[in-house]
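For the sequence shown, this note's numbering begins at 96 and goes up steadily by one. The beta carbon of each residue, even a glycine, is placed where N, CA and C say it ideally should be. Bear in mind the structure is a predicted one, so any value in this text is a computation, not a measurement. Comments concern the structure below.
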Amino acid sequence: MAAGVCVALSVCVCVCAAFNLDTSFPLIKTGGDGSLFGLSVALHQDLKTDRYLLLVGAPREKAEPKVPAERTGGVYSCPITADQSDCRRMALIDPDLNTSEDLVEDMWLGVSVASQGRPGGRVLACGHRFVKLYGTSKLRHMIGQCYLRGNDLQYNVSDQNWQNPEQTCSHLGDASEEAMCSMGISAFITQTEVIVGSPGSYEWQGNVHVSWMNPEDDFDTRKTSLPKMDRRSIYIGYSVTQARRLLSEEEETIVTGAPKDSKEDARGSVLLALKRSGQLAIQQTLRGEQMGSYFGNAVATADLNSDGWSDLLVGAPFYFQRQQEAGGAVYVYMNTRGSIESEPSVVLRGPAGSAFGMSVAAAGDVNQDGFQDFAVGAPFHESGTVMIWTGSSQGVSTEPSQVVQGSRVSPGFRTFGYSLSAGLDVDGNRYPDLLVGSLDDTVALLRSRPVIHLNKTLRVSPDVVDMNLCDFCIQVEACFSYTFSSGETSRRDNITVHFTITADVTSLKPRLRFPDGSRVFSGYLSMPKRACHTLSVGLQTPIRDQVEPLVFSLNVSLHQKLPKKRNSVQDLRHFPVLSQPPRPIRTQIQIQKACGDDNHCHSNLQMKAQFTDENQKPFMEQNGSQLLFYNDSVKRLFLEVNVSNTPSPGRLAEDAHNAVLTVSIPPSLVYSAVQTQEGSSVDCSVQDQVVQCELGNPFKSNQKVQVFIKFQTSEISLDTRDVQSRLQLSTLSEQTDLSPLLVSMLVDYSLQTSLALIHPPGPAFFSGHVIGESAMRKTEDVGSLLLFTLQVHLYGKPLGHLGNLAVEFDWPKETSNGKWLLYLTEIRVDGVSEPQCAPPGVINPLRLTRSQEDKERTRRSLEEEEEEEEEEEQQQRRRIPPVSHLQGRRKKSYMLDCLHGASCVTFACPLIDMNNSATLNVRLRLWNSTMMEDYIDARGVTVRGRVTLKLNTSKPTVHIESHSSEVEFHIYPEAGLQADSGAPLWIMVVSVLAGLLLLALICLLLWKCGFFRRARTRELYEAKTQKAHMKSQPSESQRLTEEL
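In structure tokens, the structure reads:
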């Protein structure tokens, strides 16, 4: 609703919400089983006896004796007694009725019941299913029937103009008119009019019939009703009421509900009509907001804001909203001087499935606060619930002032709140009461308790107490008075209060005591005989806190003893309720202090703080903050705090009572001790990571104190970015600028690490032939095997999730001309989660098969490998030719590093999850072919690489000192290779020339000796023939000679 306020109620109440509608002494009345005793209810006053009765409709009650029917329904009158079964049935149906015309079987007599009130006092009861038999075919026309009886519930002949009314609906004709009007489903009676609803008129369009009686002329009557509007099945007349000052200041307004209006959306409507020349004229129509909500099921009027105009209440019990779990609604339309807005001012919504708004009744001024109240029934919420709303100058409150559950009233209730009647004071205590009906054949009368306004005062004297002169010198006086909200006064001692006075209520350690030694006094006081009570209070010496005032508190409640026997009607005037929940009142006095004439101490506490080292030397500052360069050698530090209470311009420095310094212990530090100046009265204690130092009580004017708080640094970790401590000064003296001081110090954490080459590589040798890269299959094809071992140490706590160390290699992978130099085959890391370091493209990039030697070395233990490496190094050293041997044969020694002669690659081996140490075993091969091609003339080649320890972390305050180590590889040619190819070039040229000369001399000598002279051919063949005859085979040397 755009113009209103929606209030969703979540009523989950285990006990009745407390106000003045009494649930301790309900009056219960019961009817016959299945009679629906309680479907309708009304409060009635007997004007002769001035007693009140409860009128209860039971529309399914059996017929009275002699009435020609089995079940007709009935109406009962019940006295205001504690007897649950003393209700008497009203005689309404004439036993001598003409059964050929009138059919009373199942007429639902009692579906509605109403009392006229003063001065007429008549009673109206209706049964909407009364049938008239029409015509020769005996057509059953359900026109309904209403009965009027006098104030004594009897038929009075002298009042027959009222008690024998003409038939409202004509049974003549067909159903398109009013032959099926079902008159009486709703009814209302005033001093001059009887108003009944007939929802069956005009094919269930419905109608409202108003019969006016002239109180001065019994024969002057008038009838008015709504015209036929050709609007079928909208149920006009389902509910009905009449109110003055609703739409008109002079005329009464008829209000009726049509819960199925209209045909398009069935949202329901409420019609407001005025009487105009023989018929009712509709002035305004209010529409419901939801289809099927049955808007208009119940209507009521009350002046909720006491502006003299009636406000309108409309129930829609079948409204629902799943998201808010709401079920049922009541729409409140506040009247603005005769104008009702089309949108409600407030919408109240009940719990889901509760049928909230099934019944709505004006309750009168229940609490006598000058504003009318109303009640709403939610019969299907748990055992049934009735809620009371109080009016106010602002209209309707957003929450009910009281919630009553049926199970708290009587265990027999299941649909408590199905019908309501209110507005009459049946027990004479000037507070209107409430009659609640149900579908459980049970009704309950809930009477209202008187409401009192309780006034209380608490006086304490003297205003200032001198501790040295006081012995129970403090006087406390508590006084009480009350008035009824109804304005009634009483001199009877029927009001008793239970009061409690607490001395020094704000202090944890009491400084005051009553004569019994306690600081709490409780007592009872009955009024009006005793209105005040006086007590003496003494001081608990010695008093440490002299600044805080001495506060006294007074709590009070009504003391009522409820009777155990409840078989009689209790007089509720003895059980009033308070108009407001009791709230404590307080007052205070001061203790005399040496702080000027005003007895208020104004201190001027000031504080400075900084961190210092063990020698109490402040740490250096950087960008306005102290800086701690932390390593494992820093074992402890101090927090220096200086506090003073000295005057400053415009500020006094009077005594600071209960001066306390509170220091929070940083999570990264461990409290050790407190050091103060000699003779200082500072007393410190530790609790829950807080150091609390009492500086003095009082900490006098012009006093200064210096405090050193010692901490151990054992909890500083790599994750510690800073050290912070919050310091707070407090005092009971008056000082408003005591803000906390935050002292912080950045932590620069330096890791203690080391990187060592524990096993350097031995010498390597090259020899043999040049093998192309494509011809290599195994790692041993590359060249000689080299090994070295690195060891990394971390002193202190592991890095954990903060990062990791890494060993970075500047590795001479190739020569400067792009040829392979040192070929890495494996890097094994021990002491980390990843045992193999395998940066891409660095380890065995040619994917050569590892040789058997490499595999065996992998399987061996570190100790065995170290022993074998030492033995191999010794053998290699023996293979190194002495320097004197090399002199004169080699011209060069080569040095290759990342800057000269070698091309390096940089890669890193992260040490993941390393604790305190890790070992890197590096295996590589010397590229033999490169050495044979480019360094065949070398006396020796030294190849140099570099390893560096790095830190990988996102914490800017954690760092390490740089550690680097050079790894040198000494490479030599094999010794044999040196003898064959190590001579100088000129020697080789001279040798060749000498050889040629020697060959020429030999040839000359052979020629001179005839070695080159040939034999004759014939002789040669003869010799061969002779040998052939001898069958001898020539030797190999002979054969060669012959061929020559």
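Review point. Alpha carbon to alpha carbon, what distance is there between G490 and M74?
Key: Look at the range of the chain in this structure, 96 to 1139, and you will see that residue 74 is not part of it.
Check your understanding: Taking the C-alpha atoms as reference points, what is the distance between V396 and R340?
Key -> Position 301 of the sequence shown, counting from 1, holds the residue named residue 396. Position 245 of the sequence shown, counting from 1, holds the residue named residue 340. According to the sequence shown, residue 396 is Thr rather than Val. Answer to the nearest angstrom: the Cα atoms are 10 Å apart.
Review point. Whole-angstrom Cβ separation of G898 and N1047, contact assumed at under 8 Å?
Key: Reading the sequence shown from its first residue, position 803 is the one you call residue 898. Reading the sequence shown from its first residue, position 952 is the one you call residue 1047. 5 Å between Cβ atoms; contact.
Review point. Which runs of the beta strand (DSSP E) fall wholly inside the segment 129-180 and span at least 3 residues, in chain order?
Key: 135-141, 146-153 and 169-174
Check your understanding: Taking contact to mean at least 3 C-beta pairs separated by less than 8 Å, is the segment 290-305 in contact with the segment 321-333?
Key -> yes
Point to revise | Rounded Cβ spacing between A158 and R166 (contact assumed at less than 8 Å) | key: Along the sequence shown, one-based indexing puts residue 158 at 63. Along the sequence shown, one-based indexing puts residue 166 at 71. Yes, they are in contact, since the Cβ atoms of A158 and R166 sit about 6 Å apart, within 8 Å.
**Study point:** Distance CB(V755)-CB(C779) smaller than 8 Å
**Key:** Taking the first residue of the sequence shown as position 1, residue 755 is located at position 660. Taking the first residue of the sequence shown as position 1, residue 779 is located at position 684. Their beta carbons are not under 8 Å apart, which means V755 does not touch C779 by this criterion.
Review point. DSSP three-state call for N115: helix, strand or coil?
Key: As a position in the sequence shown, residue 115 is number 20, starting the count at 1. In the structure shown, N115 sits in coil (DSSP, three-state: anything other than H, G, I, E or B).
**Study point:** Top-ranked residue by Cα proximity to V499, from G518, S487 and R542
**Key:** For the purposes of this step, residue 499 is taken as residue 404 along the sequence shown, with counting starting at 1. Ranking G518, S487 and R542 by Cα distance to V499 puts R542 first.
Review point. For K987, is the classification buried or exposed, using 16 other Cβ atoms within 10 angstroms of its Cβ as the cut-off for buried?
Key: If you number the sequence shown from 1, residue 987 lands on position 892. Answer is exposed; the Cβ neighbour count stays below 16.
Review point. What are the partner residues of A1013, as DSSP defines its beta bridges?
Key: Along the sequence shown, one-based indexing puts residue 1013 at 918. Paired residue(s): V887.
**Study point:** A1003 and V902 closer than 8 Å at C-beta
**Key:** Within the sequence shown, numbered from 1, the residue matching residue 1003 stands at position 908. Within the sequence shown, numbered from 1, the residue matching residue 902 stands at position 807. Contact: yes.
Point to revise | Beta-carbon proximity check, R731 vs S767, cutoff 8 Å | key: Along the sequence shown, one-based indexing puts residue 731 at 636. Along the sequence shown, one-based indexing puts residue 767 at 672. Yes, Cβ-Cβ distance for R731 and S767 is below 8 Å.
Check your understanding: So does the segment 415-429 actually touch the segment 512-524, counting three or more Cβ pairs closer than 8 Å?
Key -> no
**Study point:** Cα-Cα separation between H73 and V786, rounded to whole angstroms
**Key:** Residue coverage of the chain in this structure runs from 96 to 1139, which leaves residue 73 outside it and unanswerable.
**Study point:** Complete runs of the alpha helix (DSSP H) confined to the segment 237-272 [at least 4 residues]
**Key:** 255-258
Practice item. Work out the CA separation of S825 and N699 for me, nearest whole Å. Key: On the sequence shown, position 604 is the one that residue 699 refers to. On the sequence shown, position 730 is the one that residue 825 refers to. Their Cα atoms are separated by approximately 11 Å.
Review point. If Q497 and I483 are in contact, beta carbons under 8 Å, what's the gap, nearest whole angstrom?
Key: As a working note, residue 497 is residue 402 in the sequence shown. As a working note, residue 483 is residue 388 in the sequence shown. The beta carbons of Q497 and I483 sit about 4 Å from each other, so the pair counts as a contact at 8 Å.
**Study point:** Integer-rounded CB distance, given that S405 should sit under 8 Å from A456
**Key:** Sequence index remark: in the sequence shown, residue 456 carries index 361 (1-based). Sequence index remark: in the sequence shown, residue 405 carries index 310 (1-based). Rounded, the Cβ-Cβ distance is 14 Å, inconsistent with contact.
Review point. Curious, which full-length alpha helix (DSSP H) runs of at least 4 residues does the segment 358-428 contain?
Key: The segment 358-428 contains no whole alpha helix (DSSP H) run of 4 or more residues.
Check your understanding: Measuring CA to CA, which of S674, R678, R606 and Q717 is closest to I686?
Key -> Counting from 1 along the sequence shown, the entry for residue 686 is found at position 591. The shortest CA-to-CA distance from I686 to any of S674, R678, R606 and Q717 is the one to R606.
Review point. Identify the residues that DSSP records as bridge partners of S652: which are they?
Key: Here residue 652 refers to the residue found at position 557 of the sequence shown. Looking at the DSSP assignment, S652 forms a beta bridge with H593.
Point to revise | Y725: first and last residue of the uninterrupted beta strand (DSSP E) it sits in | key: Position 630 of the sequence shown holds residue 725. Residues S720 to Y725.
Exercise for review: Compare the C-beta of V1085 against all C-beta atoms of chain D and say whether one is closer than 8 Å.
Suggested key: Included in the structure is just one protein chain, with no chain D present.
Review point. In its own chain, which residues sit with a C-beta less than 6 Å from the C-beta of V729, not counting the 5 before and 5 after it?
Key: In the sequence shown, counting from the first residue as 1, residue 729 sits at position 634. Cβ within range, chain order: T808.
Check your understanding: Are V758 and M702 closer than 8 Å when you measure CB to CB?
Key -> Here residue 758 refers to the residue found at position 663 when the sequence shown is read from its first residue. Here residue 702 refers to the residue found at position 607 when the sequence shown is read from its first residue. Taking 8 Å as the Cβ cut-off, V758 and M702 do not qualify as a contacting pair.
**Study point:** V559 to Y577 span [Cα, whole Å]
**Key:** Start at 1 with the first residue of the sequence shown, and residue 559 comes out as number 464. Start at 1 with the first residue of the sequence shown, and residue 577 comes out as number 482. Their Cα atoms are separated by approximately 31 Å.
Check your understanding: Quick one: Cα of M386 to Cα of N662, how far?
Key -> Sequence index remark: in the sequence shown, residue 386 carries index 291 (1-based). Sequence index remark: in the sequence shown, residue 662 carries index 567 (1-based). Rounded to the nearest angstrom, the two C-alpha atoms are 48 Å apart.
Review point. When the Cα of S617 is compared with those of D611, V208, I596 and T601, which residue comes out closest?
Key: Counted from its first residue, the sequence shown places residue 617 at position 522. That would be I596, whose Cα lies nearest to the Cα of S617.
Check your understanding: Do I684 and V555 have their CB atoms nearer than 8 Å?
Key -> For the purposes of this step, residue 684 is taken as residue 589 along the sequence shown, with counting starting at 1. For the purposes of this step, residue 555 is taken as residue 460 along the sequence shown, with counting starting at 1. Contact flag set, yes.
Review point. Is it right to say A997 is buried, meaning 16 or more other beta carbons lie within 10 angstroms of its own, or is it exposed?
Key: Your numbering for residue 997 matches position 902 in the sequence shown. So A997 ends up on the buried side.
Exercise for review: Using DSSP bridges, identify the partner residues of I547.
Suggested key: As a working note, residue 547 is residue 452 in the sequence shown. DSSP lists F579 and L673 as partners of I547.
**Study point:** Backbone secondary structure at H304 - three-state DSSP
**Key:** Within the sequence shown, residue 304 is the residue found at index 209, counting from 1. H304 sits in a strand when the DSSP states are folded into three classes.
Practice item. Would you grab the beta carbon distance between K892 and S812 for me? Rounded to a whole angstrom, and I think it's under 8 Å. Key: Locating residue 892 in the sequence shown gives position 797, where the first residue counts as 1. Locating residue 812 in the sequence shown gives position 717, where the first residue counts as 1. So it is a contact: roughly 6 Å between Cβ atoms.
**Study point:** Inter-residue Cα distance where the pair is T118 and F579
**Key:** Stepping through the sequence shown from its first residue, residue 118 is reached at position 23. Stepping through the sequence shown from its first residue, residue 579 is reached at position 484. About 20 Å.
Check your understanding: Roughly how many whole angstroms lie between the Cα atoms of N792 and D750?
Key -> Your numbering for residue 792 matches position 697 in the sequence shown. Your numbering for residue 750 matches position 655 in the sequence shown. Approximately 8 Å between the Cα atoms of the pair.
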